[in-house]
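One gets the numbering used here by counting positions in the sequence shown from 1 and adding 11 to each. Positions of the beta carbon are idealized from the N, C-alpha and C atoms, including for glycine.
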Amino acid sequence: MTIGRTRLKKVLAIISEMFPDARGELNWETPFQLLVAVILSAQTTDKAVNKLTPSLWAKYPEIEDLADANLTDVESILRTIGLYKNKSKNIIKTAQRVLIAFDGQVPNNHKDLESLPGVGRKTANVVLAEVYGVPVIAVDTHVARVSKRLNISEESADVTQIEKDLMAKIPKKDWIATHHRLIFFGRYHCLAKKPKCDICPLQSYCRYYQTQVVKTRK
């Protein structure tokens, strides 16, 4: 049985104390820049994306510039990140579609955002929260891992179910802040390969700690 709302509230309060300033770490100035950055961040660290986007914006400062870009030129800028060939195609096509279908404005709803090449629900959620302040919870690898380890969701849950579990158990007004805090907790503390279990204040709440760490020490 997964954790209930009251217990989860205590867990999130502790995480909030650990990471009170949690926020999105991608660098951007315009909604379209954020959209592109989030597309690029799939299966790649925000740090890696932030290293190359200044060159991308310098060469293609406007949406129109990227829409008219040469694919090979874009690939040369993105080649340091994973899946750079597909991402190069997607951001060019996305720029073209934003111009043609949405008059150069980044959409403010799931349906239109997810119609863009390279944009899934997670990317759409990030844009909606960061740009438009829409209360959503974007489930990336960190949020998914932490949600399972802390028994918020079942081990077998997919990202859609995890999103539903979080939204059902957390007040809507806290969704955006919780999303950032869970990411920071997963990125800097509850790591995939070497989680900091020995110094974690959530040991008593953690499924992973009880079933993996404690069990292996016996």
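Per the coordinates, the alpha-carbon of Glu86 lies some 25 Å from the alpha-carbon of Thr152.
Following the DSSP letters along the chain, one finds Val130 in no alpha helix (DSSP H), marked with neither H nor E. Here the C-alpha atom of Tyr199 lies approximately 20 Å from the C-alpha atom of Trp186. The beta carbons of His190 and Ile163 sit no closer together than 8 Å.
In this structure, Thr134 keeps its C-beta atom at 8 Å or more from the C-beta atom of Ile194. Around Pro42, the same chain offers Val117 and Val142 as residues with beta carbons nearer than 6 Å, after the five sequence neighbours per side are excluded. Between Asn136 and the set Pro146, Leu127 and Gly129, the nearest pair of CA atoms involves Pro146. Cβ contact annotation for Cys217 (same chain, cutoff 8 Å, sequence separation greater than five): Arg160, Leu161, Asn162, Cys208 and Cys211, in chain order. Straight-line spacing of the CA atoms in Leu177 and Lys21 works out to 14 Å.
With distances taken between CA atoms, Ile14 lies nearest to Glu166 out of Lys205, Glu166 and Arg192.
Taken atom to atom, the span from the alpha-carbon of Glu73 to that of Leu139 is near 21 Å. For Met12, no alpha helix (DSSP H) encloses it, and the DSSP letter there is neither H nor E.
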